[in-house]
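Worksheet: the structure to be examined is printed underneath.
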Amino acid sequence: MTEQKRPIKHSLVWLKKDTAIFLFLMCIYAALFAPQVAEPSKFGYNLMDYQGNQQYRYENNDHQNTKTGMYGYRDVYGIFRHVNYIADRHGFRVVVDTNEPGTAPAHPANAVFNSAPIHVPPVRAPTHFAPAENIWYQGFGNEFGRRIGSESSVGIEKRSRRQRRKNRKGRRLVPKQPTRKHQQERFI
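Here numbering that gives the first Met the number 0 is used: the first residue of the sequence shown is 0, the next is one more, and so on.
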């Protein structure tokens with residue numbers, strides 16, 4: 000008699016497949032939701048323009064994902080804002096030092112504002128003024144010269160003799176040679 004192989008029970012096959020699928024899904028879950036280890040990093044910049052205004056920022060990040068840093072600016076008039084901050088598992092906290100006009104010391108929402116504003120005196124309006132000097136320019140294309148200044152509505156007839164002798168392109172016209180009649184009238 001030949002020995003017959005016993006067939007594997009149907010329930011054991013499904014049990015092996017279910018176990019394999021379950022283990023596969025657990026591996027994916029562990030890979031996706033494993034705690035990530037933060038890499039320490041830092042960056043910063045300090046810029047100053049040609050007028051003397053300054054902007055800066057520095058930030059550090061440690062292996063516990065705690066960010067600390069500062070940023071701010073200072074202008075040529077002495078107005079500044081300097082901000083120190085920390086962001087960690089306890090939240091975001093900030094300390095602001097400034098002397099900007101219109102600020103006041105305060106403590107809203109885990110933020111500390113240390114303010115010593117500069118007093119800016121009000122600017123008075125001028126009591127008198129001088130009219131602008133009249134400036135001539137020649138105009139463009141086929142236009143005549145326009146007048147700029149306090150008397151901008153003065154017409155062409157008020158232009159000087161020299162301005163009337165110029166043509167549209169701004170070149171001086173060649174004066175006509177005086178005739179004997181004009182010379183005689185001038186010296187009589």
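Note that the Cβ used here is the ideal one computed from N, Cα and C, for glycine as well.
Check whether the Cβ atoms of Asn83 and Val75 lie closer than 9 Å to each other.
no
If you run the structure through DSSP and keep just helix, strand and coil, what is Thr18?
helix
Any idea which residues DSSP pairs Gly43 with across the strands?
Tyr57
Out of Arg80, Pro107, Leu31, Glu58, state which residue places its alpha-carbon closest to the alpha-carbon of Ser114.
Arg80
Which of helix, strand or coil does DSSP assign to Ile85?
strand
At a cut of 8 Å, does the region 21-30 reach the region 42-49 through at least three beta carbon pairs?
no
Within this structure, are the beta carbons of Asn64 and Ala29 separated by less than 9 Å?
no
By a C-beta neighbour count over all protein chains shown, 10 Å radius and 16 as the cutoff for buried, is Thr97 buried or exposed?
buried
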